[in-house]
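Below is one structure, written out as structure tokens; the observations come after it.
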Amino acid sequence: MADGREEERREEDQELLGAVGGEDVIDDPIVDLAAVLLRGYAIESIKAEEPGRHVSPEDLGGRSSEQQDPQVKEMVEQLLKITELNRNAELQQLINQVLGNCARGIFTKVARNNFADGINWGRVVALFHLAYRLIYKAITSNHLENIKIIFSWFLQVIREQLHTWLVQQGGWEGVIRGISRWRTVAIVASVVLVATFVYYRRTR
Numbered sequence: 001m002a003d004g005r006e007e008e009r010r011e012e013d014q015e016l017l018g019a020v021g022g023e024d025v026i027d028d029p030i031v032d033l034a035a036v037l038l039r040g041y042a043i044e045s046i047k048a049e050e051p052g053r054h055v056s057p058e059d060l061g062g063r064s065s066e067q068q069d070p071q072v073k074e075m076v077e078q079l080l081k082i083t084e085l086n087r088n089a090e091l092q093q094l095i096n097q098v099l100g101n102c103a104r105g106i107f108t109k110v111a112r113n114n115f116a117d118g119i120n121w122g123r124v125v126a127l128f129h130l131a132y133r134l135i136y137k138a139i140t141s142n143h144l145e146n147i148k149i150i151f152s153w154f155l156q157v158i159r160e161q162l163h164t165w166l167v168q169q170g171g172w173e174g175v176i177r178g179i180s181r182w183r184t185v186a187i188v189a190s191v192v193l194v195a196t197f198v199y200y201r202r203t204r
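Read in order, the letters of the sequence shown correspond to residues 1 to 204 in the UniProt record's numbering.
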């Protein structure tokens, strides 16, 4: 049993290498940019939610200049246009209830279920939002060490479940063309994602 836990920790440590911007060793533009976009999404969401709190790319493991790229800014802006996710009070309440003791296995199962019957930009944005809420909780509860772990979970989903689809869309640039079509779908996907999260928490 101890050996199993040790092996899982080793695997997680390897995944963390791709979760930090300044020390990335991943040579994959899709995965690298996913981390940059999640940092941008989180920074801008925190700025809107709590204007007095300053979070920099470095705080989330990134580089100071990475969010200055015009194309990155545009992609983050498109992701943030799904503002209904932040206005859904019931969704936020559910997230606050279930994410307190989030485990890697639960996150992975929920993500797999979210994309089980297909992938679209709405569902991708729902994943961003869930990861952001985890990051926000880590920051506000002063558990900054969890940020790298959350990024590792998120990037694992990108690598294992979304990579091929993202390549078919022409990379992350596809979000600029496709996001407006999936505003409503993203809301539905986010609710399903959280409901699944509740289910897995209760059946563990």
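Heads up, the beta-carbon is just placed ideally off N, CA and C, and yes, glycines get one too.
Would you kindly check if the distance between the Cβ of Phe154 and the Cβ of Ala138 is under 8 Å?
-> If you number the sequence shown from 1, residue 138 lands on position 138. If you number the sequence shown from 1, residue 154 lands on position 154. Their beta carbons are not under 8 Å apart, which means Ala138 does not touch Phe154 by this criterion.
Which residue spans inside the segment 112-165 form an unbroken beta strand (DSSP E) run of at least 3?
-> none
Classify Asp32 as helix, strand or coil using the three-state DSSP reduction.
-> As a first step, residue 32 is located in the sequence shown; it is residue number 32 there, counting from the start. It is helical.
Coarse secondary structure for Pro57, derived from DSSP in three states | Residue numbering aside, residue 57 sits at position 57 when the sequence shown is read from its first letter. Here Pro57 sits in coil by DSSP.
Can you tell me which of the three DSSP states Glu49 falls into?
-> As a position in the sequence shown, residue 49 is number 49, starting the count at 1. If DSSP states are grouped into helix, strand and coil, Glu49 belongs with the helices.
Is there contact between the segment 145-154 and the segment 56-64, where contact requires at least three CB pairs shorter than 8 Å?
-> yes
Buried or exposed: Val167, going by 16 or more other Cβ atoms within 10 Å of its Cβ?
-> Within the sequence shown, residue 167 is the residue found at index 167, counting from 1. Val167 comes out exposed.
Where does residue 272 land, buried or exposed, given buried means 16+ other C-beta within 10 angstroms?
-> Absent from the structure is residue 272, since the part of the chain shown begins at 1 and ends at 204.
Is Gln169 helix, strand or coil when you go by DSSP?
-> Numbered from 1 along the sequence shown, position 169 holds the residue referred to as residue 169. DSSP places Gln169 in coil when its eight states are reduced to three.
N- and C-terminal bounds of the alpha helix (DSSP H) containing Glu66 | Numbered from its first residue, the sequence shown carries residue 66 at position 66. Run containing Glu66: none; DSSP gives neither H nor E here.
Inter-residue CB distance, Leu79 and Tyr136 (contact presumed, cutoff 8 Å) = Residue numbering aside, residue 79 sits at position 79 when the sequence shown is read from its first letter. Residue numbering aside, residue 136 sits at position 136 when the sequence shown is read from its first letter. Actually they do not touch by this definition, with Cβ atoms about 15 Å apart.
What separation, rounded to the nearest whole angstrom, lies between the Cα atoms of residue 213 and Ser141?
-> With the chain covering 1 to 204 only, the question about residue 213 has no answer from this structure.
On the three-state DSSP scale, how would you describe Leu79?
-> Here residue 79 refers to the residue found at position 79 of the sequence shown. Residue state, collapsed to three classes: helix.
Which residues in the same chain have their Cβ closer than 6 Å to the Cβ of Gln161, if we skip the five residues on either side of it in sequence?
-> The residue you call residue 161 lines up with position 161 of the sequence shown. The answer, listed in chain order, is Phe115.
Looking at Ile46 and Pro57, is the spacing between their C-beta atoms short of 8 Å?
-> Here residue 57 refers to the residue found at position 57 when the sequence shown is read from its first residue. Here residue 46 refers to the residue found at position 46 when the sequence shown is read from its first residue. Against a cut-off of 8 Å, the Cβ pair of Ile46 and Pro57 comes out as no contact.
Do you know how far the Cα of His54 is from the Cα of Arg123?
-> Position 123 of the sequence shown, counted from the first residue, corresponds to residue 123. Position 54 of the sequence shown, counted from the first residue, corresponds to residue 54. Answer to the nearest angstrom: the Cα atoms are 28 Å apart.
Report, in whole angstroms, the separation of the C-beta atoms of Trp165 and Met75, which I expect to be a contact under 8 Å.
-> The sequence position of residue 165 within the sequence shown is 165, counting from 1. The sequence position of residue 75 within the sequence shown is 75, counting from 1. At roughly 16 Å, the Cβ-Cβ gap does not stay under 8 Å, so Trp165 and Met75 are not in contact.
Are the beta-carbon atoms belonging to Val31 and Arg159 less than 8 Å from one another?
-> As a first step, residue 31 is located in the sequence shown; it is residue number 31 there, counting from the start. As a first step, residue 159 is located in the sequence shown; it is residue number 159 there, counting from the start. Taking 8 Å as the Cβ cut-off, Val31 and Arg159 qualify as a contacting pair.
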